Amino acid sequence: MATARDLKDVLKESLAKSGVLSEIRARIRAEVFNVLQDETEPPPPISNENVFINELIREYLIYNGYLFTESVLLA
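UniProt numbering puts the sequence shown at residues 1 to 75.
Structure (structure tokens):
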């Protein structure tokens with residue numbers, strides 16, 4: 001009979017293989033960033049250069065398949 005530890009290991013391995021585990025971790029990170037942001041003070045305006053650089057980074061992440069990282073960047 002499988003132990004709880006065995007079931008946990010199989011579940012974790014299955015979620016990792018399907019990519020769901022990475023997606024869950026990315027969603028948690030994004031939500032943590034959202035919660036930690038100070039909403040009482042608006043963020044300073046971003047320069048056009050920074051907007052351009054951020055968009056280049058975002059395109060790089062998408063091109064290389066780092067979709068979960070991209071979602072954290074957008075958070």
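Cβ atoms here follow ideal geometry from the backbone N, Cα and C, with glycine treated the same way.
Bear in mind that the values here come from a model prediction, so they are computed numbers and not experimental data.
{"query": "Of the listed residues Ala26, Asp9, Ser14 and Lys17, nearest to tyrosine 66 (C-alpha basis)", "result": "Ala26"}
{"query": "Same chain only: Cβ atoms within 8 Å of arginine 58, ignoring 5 sequence neighbours per side", "result": "Glu70, Leu73 and Leu74"}
{"query": "Boundaries (first-last residue) of the alpha helix (DSSP H) holding asparagine 54", "result": "48–63"}
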